[in-house]
Amino acid sequence: MLNGKSILVTGGTGSFGHQFVSYVLDHYEPKKIIIYSRDEYKQFVMQNEYKNHAQADKLRFFIGDVRDRERLYRAFDGVDYVIHAAALKQVPSCEYNPMEAVKTNINGAMNIIDAALNRGVKRVVALSTDKAVNPINLYGGTKLVSDKLFIAANAYAGEKDVNFSIVRYGNVAGSRGSVIPFFRNIVENGGTSLPITDYRMTRFWISLEQGVELVIKALSEARGGETFISKIPSFKVTDLAQALLPGCEMPEIGIREGEKLHEVMVTKEDSMLTYEFDKHFIIYPHFDWWDTNKIQSGGKKVEKGFEYNSGANTEWLSIEQIRELLKTVEQH
């Protein structure tokens with residue numbers, strides 16, 4: 012699938028970019044991977060991390076911002092596949108700097124689409140988030156718009172051999188700003204209690220590698236306009252606290268602004284065009300221009316009113332299972 016292909020990753024020096032590059036270099040022989048990001052120091056560090064890799068000569072490091080359309084046009088020259096991971100993601104930062112979030116998450120998405128359509132790119136996969144589903148904060152709002160833009164981009168492809176699709180998942184285990192590193196920091200500093208915003212709170216558990224594998228699936232299977240969602244287990248945040256610090260006190264401190272009790276991946280409204288497969292769901296576009304012949308075989312249409320959220324999941328992690336998984340989680 013990726014052998015001999017030129018792949019570009021926006022936001023490529025982030026946690027997803029690191030995992031994606033490692034996975035591709037270990038499993039494929041690409042023509043080249045372009046790491047496109049705006050932080051020269053992170054690019055310097057990442058370049059040194061891979062300098063002894065057998066396929067280090069396949070990596071290219073481009074300084075650039077997704078806000079810069081001209082730079083994207085240059086970077087996309089000869090590129091087959093684009094993975095769009097660049098975004099402003101921190102909820103409080105987006106709330107305080109809303110115009111900056113719009114410039115990166117929305118205007119940047121439009122620039123990616125224009126560049127892909129005009130430079131002969133074959134496939135574009137954009138990373139979404141559970142926060143784009145019924146958004147209650149600006150970050151989620153901008154990602155909802157971004158998702159809509161990438162889906163609608165398929166209507167502008169014309170006769171071009173290009174398609175745009177989306178992968179959606181929640182907080183990656185151990186990612187910056189998530190609860191695992193927050194709890195670990197308390198434990199490492201001798202804390203004896205772990206604060207819980209709400210005892211009812213649940214989350215999905217997904218690793219970075221699972222996120223990368225979902226992107227690879229979208230690259231290989233998407234026909235244009237799909238949203239791919241992994242079927243993964245849920246856990247209670249209170250169980251996570253007990254897995255990290257058995258017997259600890261868990262004071263309930265109240266839910267934070269912009270925070271949800273559960274992660275929602277498929278809404279009841281989406282259920283009309285959602286299909287369940289063995290290990291994932293696909294939400295198909297609900298537009299007159301979209302060709303329903305693109306629906307893959309092997310899936311089963313979910314029942315009307317179906318909702319996929321972490322609080323009503325059929326698969327749950329026990330405290331012991333969480334404790335075992337934590338051994339594989341590094342802070343990203």
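Using our numbering, read the sequence shown as starting at 12 and increasing by one per residue.
Where is the CB? At the ideal position from N, CA and C, for every residue including glycine.
All of these numbers come straight from a predicted model, not from anything done at the bench.
Integer Cβ distance of residue i from residue j, believed to fall under 8 Å
i           : j           : result
residue 138 : residue 146 : Not a contact, Cβ separation roughly 16 Å.
residue 203 : residue 260 : 7 Å
residue 286 : residue 311 : 6 Å
residue 244 : residue 328 : 5 Å
residue 97  : residue 150 : Between residue 150 and residue 97 the Cβ distance is about 14 Å, and since that is not below 8 Å, they are no contact.
residue 14  : residue 39  : 5 Å
residue 127 : residue 73  : Rounded, the Cβ-Cβ distance is 15 Å, inconsistent with contact.
residue 24  : residue 77  : Incorrect: roughly 13 Å between the Cβ atoms, too far for contact.
residue 153 : residue 117 : 5 Å
As assigned by DSSP and simplified to three states, the class of residue i
i           : result
residue 215 : strand
residue 346 : Past the edges of the chain, shown from 12 to 343, lies residue 346, and the structure says nothing about it.
residue 261 : coil
residue 140 : strand
residue 183 : coil
residue 89  : coil
residue 227 : helix
residue 308 : coil
residue 196 : helix
residue 325 : coil
residue 49  : coil
residue 64  : coil
residue 271 : coil
residue 108 : coil
residue 33  : helix
residue 82  : helix
residue 190 : helix
residue 343 : Only weak support exists for where residue 343 lies, its pLDDT of 49 falling under 50; the value from the coordinates is given anyway. In this structure, residue 343 counts as coil in the three-state DSSP scheme.
residue 56  : helix
residue 39  : coil
residue 302 : coil
residue 331 : helix
residue 123 : helix
residue 148 : coil
residue 338 : coil
residue 166 : helix
residue 233 : coil
Cβ neighbour criterion (16 or more within 10 Å) applied to residue i
i           : result
residue 309 : exposed
residue 426 : This structure leaves residue 426 out entirely; the chain is present only between 12 and 343.
residue 274 : buried
residue 41  : buried
residue 179 : buried
residue 110 : exposed
residue 201 : exposed
residue 214 : buried
residue 56  : exposed
residue 46  : buried
residue 290 : exposed
residue 323 : exposed
residue 231 : exposed
residue 297 : exposed
residue 143 : buried
residue 301 : buried
residue 11  : One cannot answer for residue 11 here, as it falls past the ends of the chain, which runs 12 to 343.
residue 338 : exposed
residue 247 : buried
residue 185 : buried
residue 177 : buried
Residue i CB to nearest heavy atom of the ligand SAM below 7 Å
i          : result
residue 79 : Of the ligands one can find in the structure shown there are none, so the ligand SAM has no counterpart to examine.
Residue nearest to residue i in terms of C-alpha spacing, selected from the options
i           : options           : result
residue 175 : 45, 116, 161      : 161
residue 134 : 64, 143, 17, 341  : 17
residue 280 : 136, 291, 313     : 313
residue 171 : 140, 189, 66, 131 : 131
residue 256 : 105, 323, 195     : 195
residue 303 : 234, 117, 12, 80  : 234
residue 93  : 317, 120, 316, 65 : 120
residue 84  : 125, 39, 246      : 125
residue 221 : 90, 242, 144      : 242
residue 136 : 250, 165, 58, 108 : 165
residue 211 : 59, 205, 272, 197 : 272
residue 48  : 68, 30, 82        : 82
residue 148 : 116, 105, 44, 51  : 105
residue 183 : 205, 320, 43, 217 : 217
residue 332 : 320, 114, 250     : 250
is_contact[residue i, chain C] using C-beta, thresh 8 Å
i           : result
residue 153 : Structure shown: chain C not included; a single protein chain is present.
According to DSSP, residues forming a beta bridge with residue i
i           : result
residue 319 : 277
residue 70  : 44
residue 294 : 238, 285
residue 161 : The partner list for residue 161 (beta bridge, DSSP) is empty, contrary to what the question assumes.
residue 204 : 260
residue 174 : 134
residue 19  : 45, 93
residue 100 : None; residue 100 has no bridge partner.
residue 246 : 214
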